[in-house]
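Protein chains in written order, with the working numbering: chain A, 76 to 287; chain B, 53 to 553. Positions of the beta carbon are idealized from the N, C-alpha and C atoms, including for glycine. Computed from a predicted model, the values in this text were never measured in an experiment. First the structure, in the form of C-alpha cells, and then the observations on it.
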Amino acid sequence: MGAKEEILSRISSALRDAPVPAPVPREYRKTSDMEESALIELLVDRLEDYKAHVNVVDAAELSATIAERLKDATSYVVPHGIAGEWLTNAALANDARRRVDAPGAVLGIPELDGTDAVLTSSAVSIAESGTIVLDGTGDQGRRAISLVPDHHVCVVPVSTIVQLLPEALPRMDITRPLTWISGPSATSDIELERVEGVHGPRQLDVIIVKGL
Amino acid sequence: MSGVFMGMPSLPVFGDGNLHIDEPFPAAAHRELGNTQMRANLRHATHTIRDKRIKVVGELPDWEELRDAGAATKNQVMANLPALLEEFEKNFTARGGIIHWARDADEANRIVSDLIKEQDTTEVVKVKSMATQEIGLNEYLEEQGISAFETDLAELIVQLGHDKPSHILVPAIHKNRTEVRDIFLAEMPNVDPNLTDEPRLLAMAAREHLRRKFLSAKVAVSGANFALADSGTLAVVESEGNGRMCLTLPETLITVMGIEKLLPAKEDLEVFMQLLPRSSTGERMNPYTSLWTGVTEGDGPQNVHLVMLDNGRTAALADKYGRTALNCIRCSACMNVCPVYERTGGHAYGSTYPGPIGAILSPLLTGIKSEENSSLPYASSLCGACFDACPVKINIPEILVHLRGEDVDSRRGEKKLPSQMDLMMKGAQWAFSSGKNLGLLEKGLPLGKLAAGQDKKIKRLPGIAAGWTQSRDIPAPPSQSFRDWWKKEHQSEATTMKQEK
Ligand code: SF4
C-alpha cells in the first residue's frame with residue numbers, strides 16, 4: 076500500500092465514530108458601510124502605525140507624487156502594465172533611471188538587487204488591518220520586483236479600499252500568486268524590540284489616490 | 053488497494069522525530085527554574101505579547117464570533133479530512149504542483165532530501181516551520197551532506213548558537229541582545245568585528261549574512277500555515293520577508309505540511325487571517341502573507357512540491373477526546389498566558405511543541421505510553437487561561453485531564469495497587485468531568501486553609517503533591533469556593549432586586 080492510501084486508511088479508521096460536527100456559524104462581520112473619507116482615514120492610521128509613509132492625493136497629483144517619492148532613487152523598476160499617465164511628470168518622462176519588467180524581458184535577480192526602488196499598483200486594500208494586496212497582474216508585476224529592491228512605492232486607488240477582510244476576499248483571484256503587505260518588513264526577535272526592514276523592502280511608501 | 057483497507061479498524065500509528073522529550077517534565081522544569089535569565093526574558097516577552105494581543109483583540113467587536121467560526125471550521129475539517137485532502141491534491145496538482153505523502157518523520161525526510169539531491173545542490177534556504185522541526189529535517193539533511201540555512205532571524209540565532217527554540221513564535225527569546233551579538237561574532241563569517249548589541253545592527257548583520265544566500269539559492273524549504281482545498285492554494289504568514297524570499301526566488305520550492313492544516317475554502321481565510329495574527333504577535337496583521345497555487349508561469353518557483361505529513365496526526369485524530377488538539381493553528385497565545393510555561397520556559401517541554409498545546413499535542417502524537425511524554429499532561433495547573441486565549445477554542449484543560457486518565461489507565465496493568473498519583477488523577481478526572489462534581493470537591497477547600505501557615509502560603513503538600521511544592525509555594529485556597537461565593541453574591545443580588553421592586 077502506498078503512503079497516500081495508508082494515510083487515508085488510517086484517517087478512516089480514526090474517524091470510525093463518524094463525528095458529526097456542528098455547522099459553521101458565520102455571525103462575524105461580513106459587510107460594512109463606512110464612508111470613503113473614514114475608510115481612507117482608517118487605512119492611513121493603520122499604515123502609519125506600521126511605519127509606512129502615506130500620501131493621500133487626487134488623481135491629478137499622482138504623477139507628481141510618484142516623482143517626489145522616487146526622487147532619491149538612482150534606479151527604479153516598474154511592471155510593464157503600469158498606466159502611462161502615472162509617468163507623465165517631467166521628472167519621470169523619458170527617465171533613464173527606469174527599468175521595465177515585462178514577460179519575456181524580465182530583470183535578473185542581480186539586476187533587481189542593483190535597483191533602488193520599485194513602483195507598483197495594488198489589487199485591494201483592507202482598512203481595518205492596514206493590508207495591501209498585490210496579485211501579480213500587469214500593473215503589479217512578478218513577486219520578485221516588489222521584494223528585492225529596498226524601497227517600495229505602492230499606489231492604492233480609493234475604489235479598491237474596503238473596511239473588512241471578508242469584503243476583500245471576493246475581490247481576490249485566489250489562484251494568482253498573492254502577496255499581502257502590512258507595512259514594511261519587520262522583526263521583533265531580539266528582546267522584542269521592533270526593527271523595520273530585515274529582508275523585504277525597508278521603506279514602504281503608499282500613495283492613496285482619490286478618484287481612481 | 054485502498055478500497056479494501058478503507059474503514060477497516062486498525063491500531064493508531066504514532067509519530068516520531070523531535071516529539072519525544074528525553075527527561076521527565078518535572079526534572080527538566082526543576083533545572084530550568086534555576087535559569088533566572090531565561091525566566092526574566094520569558095516573563096517580559098509573554099507579558100508584552102499578551103498585552104498587545106488583548107488590545108488588538110479588543111478592537112474587534114466580533115472576536116467571539118470569529119472564534120466560534122474558527123473552531124467549527126476546524127471540527128468540520130477533521131471530520132471530512134479524507135475528502136478535503138483528495139480535493140486539495142486534485143487542485144494543487146492540476147496547477148502544476150507535485151504532492152508527496154509521508155507516513156512518518158523518516159519518510160518525509162527522505163522525500164525532501166531526494167528532491168534536493170535531484171537539483172544538484174548541497175545548500176537550501178529555509179523558512180521557519182514547526183513541521184520540519186518536528187521531523188528533525190535539518191539534522192537529517194546534514195547527515196546527507198546538505199546544509200539547510202534557517203532564514204528567520206530567531207531561528208538563525210538558535211541555529212548559529214547550536215541551541216533549541218524556546219518559544220514557537222519568538223524561538224530565541226531566551227537570549228538577550230549581548231548573547232545574540234556574541235553568537236554572531238563567533239559563528240557568522242565576515243561579520244564586522246565591531247558589531248554592537250543594538251537590535252537594529254544585529255538585524256542588519258543578519259540581512260547581510262543571508263542576502264547572498266537568498267539571491268543565489270536554487271532550492272527553498274518551507275512549512276505552510278493553511279492549505280485551501282477548493283483551490284489548491286498554500287499560505288505562509290511571516291514578518292521579515294525571509295519567507296517571501298524563499299517562496300519566490302528559488303527555482304524549486306519544497307513545502308512540508310501536516311495533513312491537519314487544511315481549510316475547506318477561500319472564504320475560511322477571512323476567519324483565520326483575522327484570528328492568527330492578532331492571537332500570535334498581537335498585530336492587526338502580520339507584515340507579509342504569501343499565497344501560491346501550484347506553479348505560476350513566469351512568477352516564482354517552477355518546480356513546486358508539497359510533502360503531506362502524518363507522523364502521528366492520524367493517531368491523535370483517533371482519540372475522540374483529544375482530536376481537537378489538531379485544530380491548533382500554532383499561534384502561541386496559550387503559552388503566553390500559561391503560568392507554568394512562564395516559569396519553566398519552552399525547553400522544559402523537550403518536544404518541538406512547548407506550552408499548554410505541547411502538553412497535549414506531543415503525547416497525542418506519540419501515544420501516552422511513550423516513555424517520558426506521559427509526564428507532559430501533568431505540566432499544567434489547569435487554570436484554564438489557555439482555553440480562554442485559544443482562537444480556535446481548544447479545550448486544553450479538558451484534554452489534559454483526559455490524557456492524565458489515559459496515562460493512569462495505561463499503567464494500571466503494570467502495577468498491582470493504584471499509586472497515590474493514580475488516585476489523585478482519577479479524582480481529577482472525576483472532578484473535571486462535571487461542574488457538579490467540581491462543586492462537591494470545592495466544598496473541601498476550607499481544609500486547605502488549615503494546611504497553610506500564617507503567610508497564607510502552603511509550603512509543603514503531603515505525599516506525591518510535594519513534587520509541586522518543591523519548586524514553589526502555593527497560595528492557600530480561599531476559605532470559600534468560587535461556586536459558593538457566586539451563589540451567595542447572586543442571591544443577595546436577587547434579594548436587592550426584589551427589594552427595589
Ligand atoms: S492551542 Fe490554541 S492558543 Fe495554543 S497555539 Fe494552538 S491555536 Fe494557539
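Quiz item: Mind checking whether the beta-carbon of B:P449 lies closer than 7 Å to any heavy atom of ligand 1?
Solution: no
Quiz item: Can you tell me where the beta strand (DSSP E) with A:Q278 in it begins and where it stops?
Solution: A:Q278 -> beta strand (DSSP E) spans Q278 to K285.
Practice problem: Please report the Cβ distance between B:V389 and B:A441, rounded to the nearest whole angstrom; I am assuming they are in contact, meaning their Cβ atoms lie under 8 Å. | Solution: 5 Å
Quiz item: So, do the stretch 208-217 of chain B and the stretch 303-312 of chain B have three or more beta carbon pairs nearer to each other than 8 Å?
Solution: no
Quiz item: For A:H227, which of helix, strand or coil comes out of DSSP?
Solution: strand
Quiz item: Mapping DSSP to helix, strand and coil, what is B:N70?
Solution: coil
Exercise. Return the residues of the stretch 224-242 of chain A that lie within a Cβ-Cβ distance of less than 7 Å from chain B, sorted by chain order.
Key: L240 and P241
Quiz item: Under 8 Å Cβ-Cβ, which residues of chain A neighbour B:F439?
Solution: None at all; the shortest Cβ gap to chain A is about 18 Å.
Quiz item: Considering B:M309, what are the terminal residues of the beta strand (DSSP E) in which it resides?
Solution: T304 to G310
Quiz prompt | Residue range of the beta strand (DSSP E) that includes B:S342 | solution = Y340 to W344
Exercise. Could you tell me whether any Cβ in chain B is nearer than 8 Å to the Cβ of A:L162?
Key: Answer no: the Cβ-Cβ gap between A:L162 and chain B never drops below 8 Å.
Practice problem: Report yes if the C-beta of A:L279 is less than 7 Å from at least one heavy atom of ligand 2; otherwise report no. | Solution: No copy of ligand 2 occurs in the structure displayed; its ligands are ligand 1 alone.
Quiz item: If we ignore side chains and look at the alpha-carbon of each, how far apart do B:E458 and B:I446 end up?
Solution: 19 Å
Self-check item: DSSP beta-bridge partners of B:S283
Solution: B:S283 pairs with nothing; no bridge assigned.
Quiz prompt | Three-state class that DSSP yields for B:S199 in the structure shown | solution = Residue state, collapsed to three classes: strand.
Quiz item: Would the C-beta of B:S443 count as close to ligand 1, meaning under 7 Å from any of its heavy atoms?
Solution: Ser is not the amino acid found at residue 443 of chain B; the sequence shown has Pro there. True, at least one ligand heavy atom lies under 7 Å from that Cβ.
Self-check item: A:I207 burial status per 10 Å Cβ neighbour count (16 or more: buried)
Solution: Residue environment for A:I207: buried (at least 16 other C-beta atoms within 10 angstroms of its C-beta).
Quiz item: If we call anything under 8 Å between Cβ atoms a contact, is B:P443 one with B:L327?
Solution: For B:P443 and B:L327, yes; Cβs fall inside 8 Å.
Self-check item: Proximity below 8 Å, CB of B:A131 to CB of A:P98
Solution: no
Exercise. Taking A:L209 as the reference, give the member of B:D351, B:D371, B:L413 and B:R382 with the closest Cα.
Key: Taking each of B:D351, B:D371, B:L413 and B:R382 in turn and checking the Cα distance to A:L209, the smallest one comes out for B:D351.
Self-check item: Within-8 Å CB hit, B:V222 to chain E
Solution: Here the protein chains are A and B, and chain E is not one of them.
Quiz prompt | As assigned by DSSP and simplified to three states, the class of B:K468 | solution = Its pLDDT being 42, under 50, B:K468 is placed unreliably by the model, and the measurement read from it follows with that caveat. Looking at B:K468 - three-state DSSP - the assignment turns out to be coil, as it is neither helix nor strand.
Practice problem: Compute every distance between the C-beta of B:A124 and the non-hydrogen atoms of ligand 1, then say whether any falls below 7 Å. | Solution: no
Quiz item: Cα separation between B:I451 and B:D461?
Solution: So the alpha carbons of these two residues sit roughly 15 Å apart.
Self-check item: Minimum C-alpha distance to B:D282 - residue among B:L208, B:T145 and B:S342
Solution: B:T145
Exercise. Just the chain A side, please: which residues come within less than 8 Å of B:Y340 by C-beta, in chain order?
Key: T254, W255, I256, S257, S260 and G275
Quiz item: So what's B:L502 in DSSP terms, helix, strand or just coil?
Solution: Unreliable positioning characterises B:L502 in this predicted model, as indicated by a pLDDT of 41, which lies under 50. The coordinate reading is nonetheless provided below. DSSP places B:L502 in helix when its eight states are reduced to three.
Practice problem: Quick one: grab the DSSP three-state call for B:H99. | Solution: helix
Quiz item: With distances taken between CB atoms, is the gap from A:R172 to A:Y151 smaller than 8 Å?
Solution: yes
Quiz item: What residues are listed by DSSP as bridge partners for B:F278?
Solution: DSSP lists B:A287 as the beta-bridge partner residues of B:F278.
Exercise. Have a look at A:D280 and B:G410 and give me their C-alpha separation to the nearest angstrom.
Key: In a straight line, the C-alpha of A:D280 is about 41 Å away from that of B:G410.
Practice problem: Whole angstroms is fine: what's the gap from A:D191's alpha carbon to A:P224's? | Solution: 5 Å
Quiz item: Between B:H72 and the rest of its own chain, which residues show a CB-CB distance below 8 Å, the 5 nearest in sequence each way excluded?
Solution: G402, S403, S414, T418, S422, E423, E424 and N425
Exercise. Pair every Cβ in the stretch 314-332 of chain B with every Cβ in the stretch 233-249 of chain A, then say whether three or more of these pairs are closer than 8 Å.
Key: yes
Quiz item: Which residue from A:T250, A:L118 and A:A139 puts its Cα closest to that of A:T212?
Solution: Checking every option, the nearest Cα to that of A:T212 belongs to A:T250.
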